[in-house]
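Visitor:
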Amino acid sequence: MATKPTSPKVDIGGTESYRPGADLRNGARVLRELAMIPKIKGSRYLLIGSLVFMAFCVEAFCQAYGKQILGEELWVGGDRSKKKQKPAERWPVLDKLKAMGRSVDVPVNYGSAPWRDISLIMKARDELAHARPEMCSVRINGVDNDADHHAIFHAELTKKYEPMLDAERLGLIAGRVDQAIKSILHAAGQHGYEAEIMASSSWGAHLADGKRKGD
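Per the working numbering, the very first residue in the sequence shown carries number 418; after that it's consecutive.
This is the structure:
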């Protein structure tokens, strides 16, 4: 029986700059799409995951481009004109984003869209991570006797504590978050929507004996 010839060994090497923002952005979209499948189990948890991924995407954008846009001195050392000023890298996400916008003449106003949507996402994420237990009084009148009372009660609580857990609403907000990030990137002179790119890489391969592949 003839043995299958083995291919020559190849060495592969290169460099890559990984930016997780695109991964998080696409992950948030996939979770929303799954949550919209009729009768899928755990759709609420999929929406929570989508919301958290969106918040992390905004934070990942600030971390990926903050030093470049704000300058290394402010990013690492802080504003020395203010006593005990923290480095920009350690600022809250919304403060970083506002400063980045100001640096490239993009007004970041959290009272209006699309910036308000980013503020809502970050607030919802913080409330999930830093919730403070509290008693909430809910009263629902005129419910049918044979209805699922527990489900109705929980749905009312969800409206109070988790108003953003709706796939269509999160999808609309995701589009506005993209718009906001894109406006800062374009103003900073970046080509296209670089937040969609997962990584920037340069690599190559050559035969292990020193000859380049194809020689």
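Ideal Cβ placement from N, Cα and C applies to all residues, glycine included.
(1) Is DSSP giving Val523 helix, strand or coil here?
(2) Across the region 442 to 449 and the region 470 to 489, are there enough close Cβ pairs to call them in contact, namely three or more that are closer than 8 Å?
(3) Residue range of the beta strand (DSSP E) that Ser434 falls in?
(4) Who are the near neighbours of Gly592 in its chain, counting only those whose CB is closer than 6 Å to its CB and skipping five residues on each side?
(5) At a cut of 8 Å, does the region 508 to 521 reach the region 478 to 488 through at least three beta carbon pairs?
(6) Determine, using beta-carbon pairs with one atom in the region 463 to 470 and one in the region 501 to 511, whether at least three such pairs fall under 8 Å.
(7) Give the straight-line distance between the Cα atoms of Thr432 and His623, rounded to the nearest whole angstrom.
(8) Could you check how far apart the C-beta atoms of Ala584 and Arg461 are, in whole angstroms? I think they sit under 8 Å.
Guide: Reading it off the structure:
(1) coil
(2) yes
(3) 427 to 435
(4) none
(5) yes
(6) no
(7) 15 Å
(8) In fact, because the Cβ distance is near 10 Å, the residues do not count as touching under 8 Å.
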